[in-house]
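Engineer: The numbering of the sequence shown is my numbering, which starts it at 666 and goes up by one. My questions will all concern the structure given below.
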Amino acid sequence: MLEKKKQKRLDFVKYLNDDYTIVIARHPRFHWMSHTESNYVYFLYITRTQNRFIDEKTAAVARYNILCFQQIYSSYSCLMKSLYAVISEYLLDANKILEVFLLCEKLREQYGEQQVLRD
666 MLEKKKQKRL DFVKYLNDDY TIVIARHPRF HWMSHTESNY VYFLYITRTQ
716 NRFIDEKTAA VARYNILCFQ QIYSSYSCLM KSLYAVISEY LLDANKILEV
766 FLLCEKLREQ YGEQQVLRD
């Protein structure tokens with residue numbers, strides 16, 4: 666018998682640009698979030714890598730990730746409505762902003778899998 670391989674749903678996307686890393690993730694909706702019909706909540710994280718001295722005597726340098734922005738969104742549409750305003754502060758090139766939006770499409774909730782969770 667041939668079994669169909671289940672495709673794993675994508676739970677996050679990552680975009681790297683110079684020193685900035687943009688991660689957008691989705692997670693099944695928390696049971697206490699009753700104000701939304703979406704099955705997922707979405708998280709946006711933006712970090713910046715920075716070199717810092719870790720030892721005064723040897724001048725050793727290490728890379729640190731510094732959190733610049735984090736936010737949780739109750740649905741995909743809420744994420745997309747505010748994404749441009751947030752991303753445009755860190756990415757100045759319109760083509761790079763478009764690439765982030767296209768990556769977000771991979772996280773969009775498909776209508777076939779959309780079933781409203783009941784508590």
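Using N, Cα and C, we set each Cβ at its ideal position, and we do this for glycine too.
Taking the C-alpha atoms as reference points, what is the distance between isoleucine 711 and glutamate 754?
Structural biologist: Working through the sequence shown from its first residue, we reach residue 711 at position 46. Working through the sequence shown from its first residue, we reach residue 754 at position 89. Approximately 11 Å, taken between the alpha carbons.
Engineer: Check each candidate in Leu757, Lys722, Tyr685 and name the one with the smallest Cα separation from tyrosine 729.
Structural biologist: Position 64 of the sequence shown, counted from the first residue, corresponds to residue 729. Per the Cα distances, Tyr685.
Engineer: Using CA coordinates, which residue listed in Ile719, Leu681, Thr714, Arg691 is at the minimum distance from leucine 744?
Structural biologist: Position 79 of the sequence shown, counted from the first residue, corresponds to residue 744. The shortest Cα separation from leucine 744 among Ile719, Leu681, Thr714, Arg691 belongs to Arg691.
Engineer: With a CB to CB cut of under 7 Å and the five nearest residues on each side skipped, what residues in its chain are close to arginine 713?
Structural biologist: Here residue 713 refers to the residue found at position 48 of the sequence shown. Only Asp684, Tyr685, Ile731, Cys733 meet the Cβ criterion.
Engineer: Tell whether a beta-carbon distance below 8 Å holds between cysteine 769 and valine 688.
Structural biologist: If you number the sequence shown from 1, residue 769 lands on position 104. If you number the sequence shown from 1, residue 688 lands on position 23. No, they are not a contact pair.
Engineer: Kindly identify the DSSP beta-bridge partner or partners of histidine 786.
Structural biologist: The first residue shown for the chain is 666 and the last is 784, placing residue 786 beyond what the model contains.
Engineer: CA-CA distance, alanine 724 and glutamine 715?
Structural biologist: Taking the sequence shown and counting its residues from 1, one reaches residue 724 at position 59. Taking the sequence shown and counting its residues from 1, one reaches residue 715 at position 50. Answer to the nearest angstrom: the Cα atoms are 15 Å apart.
Engineer: Considering only DSSP beta bridges, list what tyrosine 685 is partnered with.
Structural biologist: Translated into the one-based positions of the sequence shown, residue 685 becomes position 20. Partner(s): Asn682, Arg713.
Engineer: In or out: serine 703 buried (at least 16 other Cβ within 10 Å) or exposed?
Structural biologist: For the purposes of this step, residue 703 is identified with residue 38 of the sequence shown, where counting begins at 1. When all chains shown are included, serine 703 counts as buried.
Engineer: As a quick exercise: from Phe718, Asn682, Phe766, pick the residue whose alpha carbon is nearest that of tyrosine 741.
Structural biologist: Position 76 of the sequence shown, counting from 1, holds the residue named residue 741. For the residues Phe718, Asn682, Phe766, the minimum Cα distance to tyrosine 741 belongs to Phe766.
Engineer: Spatial neighbours of leucine 709 within its chain, please: CB distance less than 6 Å, with the 5 preceding and 5 following residues excluded, ordered by chain position.
Structural biologist: Looking up residue 709 in the sequence shown gives position 44. For leucine 709, where only same-chain residues beyond five positions count, the Cβ hits under 6 Å are Ile689, Gln736.
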